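Since the structure comes first, as structure tokens, the remarks are kept for the end.
In our numbering, the protein residues as written are 8 to 258.
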């Protein structure tokens, strides 16, 4: 179920931002997913001001106390060798940056198949004829596909991550097209113990995706100054902030 919790008209008068809270439940009416999002929407009549300006307060992060780990997850028999890598929860340090080294070039066919599987049917991702008339002149790669690539690349250096616990936020900083090669690096923002669990912990991680640029950890400018304001560098395509579940060495 989704509920509109706020709206704000943009200064150009043509569009506005709508804030939505979505809650997903299972067959027992138990909440399994809850998130906020905001989308830019065209106005029906650009010439008529709406006066909408009720931007809601938004949480900046998911608190560690609110992170949920399945009660039936048993790590007592967790084995090292399948995932490889040597780093456990205890080995990561706040402020550490990890270059994930590998790159992946986005292919038209793979993107189309994956985007259909994500049940995204937007023409901007599929229709090469219609997209010739857009400002980019070609098909855009679906952001969910780009996220999945960056997340897959992050395995190199964070091999023992068990899954994503929560998303704190993120940005699709720039568009991505077929033929672009995605590289990624991660920054450890925080570490937290999980209430009731001594066998695993949570890492707060910033995952940055770059286009056609291999990351020099700590040296690539995420933002640059443009017309008096800071904007993402043109080769930064993703800037994500999430909590990851990682086993502890002392289980």
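Idealized CB from N, CA, C, for every residue including glycine. Just so we're clear, the structure is a prediction, and the values are computed from it rather than from any experiment.
Thinking residue i and residue j are a contact (beta carbons under 8 angstroms), I'd like their distance in whole angstroms, please.
| i | j | result |
| --- | --- | --- |
| residue 167 | residue 94 | 6 angstroms |
| residue 163 | residue 108 | 6 angstroms |
| residue 177 | residue 124 | Not quite, the Cβ-Cβ distance comes to about 21 angstroms (not below 8 angstroms), so this is no contact. |
| residue 135 | residue 146 | 6 angstroms |
| residue 118 | residue 149 | 7 angstroms |
| residue 194 | residue 139 | Contact flag wrong, Cβ pair sits at about 39 angstroms. |
| residue 245 | residue 215 | 7 angstroms |
Where residue i and residue j are concerned, what is the direct C-alpha to C-alpha distance, given to the nearest angstrom?
| i | j | result |
| --- | --- | --- |
| residue 172 | residue 75 | 7 angstroms |
| residue 254 | residue 241 | 36 angstroms |
| residue 46 | residue 27 | 8 angstroms |
| residue 174 | residue 201 | 16 angstroms |
| residue 191 | residue 21 | 35 angstroms |
| residue 133 | residue 82 | 43 angstroms |
| residue 35 | residue 10 | 21 angstroms |
| residue 52 | residue 13 | 19 angstroms |
| residue 243 | residue 80 | 36 angstroms |
| residue 165 | residue 92 | 7 angstroms |
| residue 154 | residue 256 | 29 angstroms |
| residue 97 | residue 213 | 18 angstroms |
| residue 232 | residue 222 | 20 angstroms |
In this structure, does DSSP put residue i in helix, strand or coil?
| i | result |
| --- | --- |
| residue 193 | strand |
| residue 130 | helix |
| residue 10 | strand |
| residue 107 | coil |
| residue 206 | coil |
| residue 15 | strand |
| residue 167 | coil |
| residue 141 | coil |
| residue 98 | helix |
| residue 173 | strand |
| residue 72 | helix |
| residue 213 | strand |
Just reading off the alpha helix (DSSP H) that residue i is part of, what are its end residues?
| i | result |
| --- | --- |
| residue 158 | 150-160 |
Which first and last residues belong to the beta strand (DSSP E) in which residue i is found?
| i | result |
| --- | --- |
| residue 120 | Element bounds for residue 120: not the beta strand (DSSP E) but the alpha helix (DSSP H), 115-124. |
| residue 29 | 22-32 |
| residue 41 | 38-49 |
| residue 233 | 230-233 |
| residue 254 | 243-254 |
| residue 237 | 236-239 |
Let me check understanding here. Comparing Cα to Cα, which of the options lies closest to residue i?
| i | options | result |
| --- | --- | --- |
| residue 203 | 122, 183, 155 and 77 | 77 |
| residue 62 | 42, 16, 150 and 99 | 16 |
| residue 210 | 217, 160, 199 and 220 | 199 |
| residue 30 | 59, 44 and 19 | 44 |
| residue 55 | 66, 18 and 90 | 18 |
| residue 197 | 37, 68 and 41 | 68 |
Determine whether the Cβ of residue i lies closer than 9 angstroms to any Cβ atom of chain C.
| i | result |
| --- | --- |
| residue 227 | No chain C is part of this structure, which consists of one protein chain only. |
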